[in-house]
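**Student:**
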Amino acid sequence: MRALLQRLSGLDDVAESAVQIIELFDKLAQEQFGLEGLVRSAALFSECAVGVAGADGTVIVRVASDGRALEPLQPRSATAHTVNGGGEVWLEREGPAHALDALVLERFAAAVAVTRKRKRPARHSSADRVELLIQRTASEDDRLLAIERFGLVPASPIRLLAVGPAD
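Following this line, the structure appears as structure tokens:
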């Protein structure tokens, strides 16, 4: 497959860009980025705002072209692609679509599907449980499990203090 992609990239600039898109999103899926990192990378690469919605239509992550988090709202206008397993991804490009936006959306959707399906390792360490509590994309079930493993009552208020790693 790699050899075929290399030969295709030699045909012209559009083919070369298509190969770069495929390689980028395949690498992002393989590197086991979390959903937020994947969306941020897609936004930086696409140079436009992008987002992901779950199967129920709720916006999970939405990121500006510079990588900063945006309000998790459905955009007024965007080009979307369905994610295998439910939900969708989109590009919020101002002006006309770019020639390879359809390919970007297809590969972005595939990477999101892989990221969601990835079996999460058992979360046993305190650091992992804290990460689940503060991560925006963590599911409610994962958060409740983390709370229970800390021995806390889900309805009780808690305070977290995040400190950088020790040198």
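In the numbering used here, the protein residues as written are 75 to 241. We put the beta carbon where it would ideally sit given N, CA and C, even for glycine. Computed from a predicted model, the values in this text were never measured in an experiment.
#1: Just tell me which of Thr132, Gly141, Leu177 and Ile221 has its CA closest to the CA of Val124.
#2: Are Ala103 and Val188 touching if we call contact CB-CB under 8 Å?
#3: Which same chain residues, not among the five before or five after Ala173, have their C-beta less than 7 Å away from its C-beta?
#4: Which residue marks the beginning of the alpha helix (DSSP H) containing Val93, and which one marks its end?
#5: Check whether the region 151 to 165 and the region 207 to 226 touch, using three or more Cβ-Cβ pairs below 8 Å as the test.
#6: CA-CA distance, Arg217 and Lys191?
#7: Could you tell me whether the Cβ atoms of Ile134 and Ala143 are closer together than 8 Å?
**Tutor:** If we stick to the structure as given:
#1: Of all alpha-carbon atoms in Thr132, Gly141, Leu177 and Ile221, the one lying nearest the alpha-carbon of Val124 is that of Gly141.
#2: Result yes, Cβ atoms of Ala103 and Val188 sit closer than 8 Å.
#3: So the qualifying residues of the chain are Val88.
#4: Annotation: the continuous alpha helix (DSSP H) that includes Val93 extends over Asp87 to Gln104.
#5: At 8 Å Cβ cutoff, the stretches do not touch.
#6: Taking the straight line joining both Cα atoms gives about 18 Å.
#7: No.
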